[in-house]
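Numbering-wise, UniProt numbering puts 165 at position 165 of the sequence shown, and it's gapless, one number per residue.
Each remark here refers to the structure printed beneath this line.
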Amino acid sequence: MVELTIDGKKVEVPEGSMVMHAANKLGLYVPHFCYHKKLSIAANCRMCLVEVEKAPKPMPACATPASNGMVVHTASEKAVAAQESVMEFLLINHPLDCPICDQGGECQLQDLSVGYGESASRYKEEKRVVFHKEMGPLISAEEMPRCIHCTRCVRFGQEIGGMMELGMINRGEHSEITSFVGRAVESELSGNMIDICPVGALTSKPFRYSARTWELARRRSVSPHDSLGANLVVQVKNDQVMRVVPFENEEVNECWISDRDRFAYTGLYAGDRLAHPMVKDADGNWSEASWGDALQAVVKGLNKVRDQHGANQIGALGSELATVEELSLLARLTRSLGSENIDFRLRYNDTDFVQAFQGAPWLGMPVAELNTLDRVLVVGSFIRKDQPLMAQRLRQAAKTGTQIAFIGSAYDDPLINVASHFEVKPSALPNALAEVAVALAESAGESPAQAFAGVKISDAAKRVAEMLASGQRVAILLGNTAVTSPFASQIAANAQEVARLAKGRLGLLTTGGNTVGGYLAGAVPAVGAQTAAQMLSKPLKAYVVMHAEPLFDADNGRQAVQTLKQAEFNVALTPYANAAADWADVMLPVSPYTETSGTFVNAEGRAQSFRGTAAPFGETRPAWKVLRVLGNLFELSGFDEETSEAVRDAVLSPNAHERLSNEVRIAPALVNEVEGLERVADVPVYRSDSIVRRAKPLQETPASRPPVLRAHVETLKQYGLQAGDAARVRSETGQVVLQVQADDAVAPGTVRVATAFPQTVDLGSAFGQVTLERA
């Protein structure tokens, strides 16, 4: 530790700290633009000049190392004069367009110019002109003359986003920030550049010129789009969501959010937003109904099915977008009616997955501990797109020496310094883990599990085992592809064996915003009851579907819709008419997360409650209130809660965390690999849920381009295909024609075709077998 004095106050900071860090520890504000606590030090704005005794000139606080006995003055006459001089230079070329600038009212340059700027400029020459840049549908760079060259955006791309998408060209007053050869900024974290830009050079394109910052009410919320549960500030004008920005929480999302969290709000008010309850008549025509009539139609329809066919012919399907309160009441209503058919995991294919675990599967550690691991094996995950901010934490960990390996069926560059990766067919994932387990056992001098007798260890598996064996803080993380696999239970069992041999922890990244909450709420089938996959493969007589769009949210969307159409009666609790209009009999407009109170439980088991941030759209009602009223109309006991907090407290008792467990009950084993060509299907980052799919700016990004067929060049040769050809892909449920793209990061014997697109829904399951031929 070193001790120094700043503005007459003594402070101790670790060796290597800068004067800026010491000032921050004392709570002293030093004006700055280029410094950011999460980015490397650039020291190129010079706004933080301070007086250091015995130094010949003012020194930048952000880049001056603190030393013992140093005496610093941040607001002395000499320091202030230096800061005012820097401000004068920064304002020389800055346009005077504050009245029309989106950054006005929350602009760092604007704020500091009041304290350190003059009322008039001495600069009489023409201001420089910088031509606007095209950076895609999310970031507006229309007013680049405002840029003060702090390079925060450049450093963010390199250090946090993982790729340098912006840079500076030219020198002196000709310098300008630009993208690479006119390309759009494509990072899934790019919107954070808007937040950290201290001026109005980079602004939000969807928000552009829609409101002034001082007109916006700011309300806290939680993101439902992935398992991190990023903390948000939802900004509202005239009871409508206008913008979403991060709320800093170092233990969860730090000061960042993903673009999916930031821009998904643009889908809240899509053209198919359901404003009134709708009931279908005998001729199949929809008509508006009052809430009373619509709920009575639900009661009548479900009672008729229960009386004629039995309660076990009723199925309830939830979604990971639903809150703990909503899933709890849906489960309670279903069970009170006499059925155990309740599930919220529409993409899961392993019917034994719930019973395979001792408790509710979770991350197995706090999110913040991802930064402290030294060895990580990620299995079956497109982590950069599935959990962007968890990938960012691993990216930072890799910079400090953490070694990370991937096993999957296709490899997307996670923009992390990866120690090793290898790809196998989806049905071979359990056996690939078995290879790693055997290699670990041999290196430790143990006998491998009896079920793994005769396993041959590949060089790739040996490299992964050697990496894991050399670590002290080891984690095996199962991704979305692993847990939705038909072999998910065996993948988990074999991964647990790998974790045991590596003396590490097993964790699940979990698939949605409230996956852990769904388990805790009991929205999963009991032993002998039907899972979502079973309910959507063989038709029941009635379904209650909440917050789901089965065509794109179910593993086999086309089959799911056909199954629903065969039922006698269907109820949809949905914000969007198009999600249910072709199969439902009653549609009840329920609130998305911005219009209701509730709780999401993230991957680490952290329960985060929130309140509604915007007024309900039309006659929309919170789903938990709708379910509570339905319970009363059915004259069921236990539906008396007056608030969402009362429902939450009944589910999440103080010891709810004890119900989390990744202990797998089944023994490690090998599986029979599927013969023939297998499909690898990722859920693209902006096709993950019904709100995101309706967010127009996100659908205009490169990540949402129409799907193509990607396969290893050797696989393409077997079928006489090459890049650029059109290929016909056939499955048990249908066929599609797609353009071929060679990709050696896809496992041989597989083809990668994205799911959750209208163009590929006919292919059915994400894990089905396919055939391939030239179109």
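Yeah, the Cβ is synthetic: ideal placement off N, Cα and C, and Gly gets one too.
Here the structure is a predicted model, which is why all the values come from computation and not from measurement.
Item	Value
Whole-Å CB distance - Val673 paired with Asn431, under 8 Å assumed	The residue asked about is misnamed: residue 673 is Glu in this sequence, not Val. Confirmed, about 7 Å.
Supposed close pair Ala23, Thr151 - CB separation, criterion 8 Å	Wrong, their Cβ atoms sit about 22 Å apart, outside the cutoff.
Those residues which DSSP pairs with Met59 across a bridge	Val50
Where Lys462 falls: helix, strand or coil (DSSP)	helix
Of the listed residues Val692, Ala499 and Glu326, nearest to Leu317 (C-alpha basis)	Glu326
Buried/exposed call for Lys37, threshold 16 Cβ in 10 Å	exposed
Alpha-carbon spacing of Leu478 relative to Gln472, whole angstroms	19 Å
C-alpha distance - Glu88 paired with Leu660, whole-angstrom precision	58 Å
Range covered by the beta strand (DSSP E) that runs through Gly507	Arg505 to Leu508
Val770 burial status per 10 Å Cβ neighbour count (16 or more: buried)	buried
Asp640 classed as buried or exposed, judged by whether at least 16 other C-beta atoms fall within 10 angstroms	exposed
Inter-residue spacing [alpha-carbon to alpha-carbon] between Val233 and Ser121	37 Å
Any 3 or more C-beta pairs closer than 8 Å across the stretch 167-176 and the stretch 200-213	no
Between the CA atoms of Phe247 and Arg220 - distance to the nearest angstrom	7 Å
8 Å Cβ cutoff met for Ala298 and Val114	First, the residue type needs correcting, since residue 298 is Val and not Ala in the sequence shown. The answer is no: Cβ separation not under 8 Å.
DSSP bridge partner residues for Ile257 (one or two, in chain order)	DSSP lists no partner for Ile257.
Cβ-heavy atom distance, Asp239 to the ligand GTP, below 7 Å	Only the bare structure without any ligand can be found here, which leaves the ligand GTP out of the picture.
Presumed contact (8 Å Cβ cut-off) between Pro448 and Val438, rounded CB distance	4 Å
The stretch 613-624 / the stretch 272-290 touching (three or more Cβ pairs under 8 Å)	yes
Residues of its chain near Ile257, where Cβ-Cβ distance is below 6 Å and the 5 sequence neighbours each way are ignored	Ala230 and Pro246
Touch test, the stretch 494-512 against the stretch 365-385, Cβ-Cβ under 8 Å, three pairs minimum	yes
Start-end ranges of the beta strand (DSSP E) lying completely within the stretch 575-642, minimum 3 residues	586-589, 598-601 and 607-610
Whole alpha helix (DSSP H) elements within the stretch 310-381, 4-residue minimum	324-336 and 353-356
Inter-residue CB distance, Ala560 and Leu536 (contact presumed, cutoff 8 Å)	4 Å
Neighbour-count burial assignment, Ala96, 16 or more Cβ in a 10 Å radius	Residue 96 is actually Leu in this sequence, not Ala. It counts as exposed.
Whole runs of the beta strand (DSSP E) within the stretch 404-481, excluding any shorter than 3 residues	420-423 and 474-478
Nonlocal neighbours in the same chain, by C-beta distance under 6 Å from Gln496, ignoring five residues either side	Leu506 and Val664
Sequence-distant residues of its chain with Cβ nearer than 7 Å to Asp307 (five each side left out)	none
Euclidean distance between Cα positions of Ala398 and Asp413	14 Å
Neighbourhood of Asn662 by C-beta distance below 6 Å, restricted to the same chain and skipping five residues each side	Pro361, Gly364 and Leu506
Rounded Cβ spacing between Ala745 and Glu423 (contact assumed at less than 8 Å)	7 Å
Collapsed DSSP secondary structure at Gln387 in the structure displayed	coil
Beta-carbon proximity of Phe487 to Leu394, cut-off 8 Å	no
Every unbroken alpha helix (DSSP H) within the stretch 656-719, with a cutoff of 4 residues, ordered by chain	690-693, 696-699 and 713-718
Residue environment, Thr481, which counts as buried when at least 16 other CB atoms sit within 10 Å	buried
Neighbour-count burial assignment, Pro706, 16 or more Cβ in a 10 Å radius	exposed
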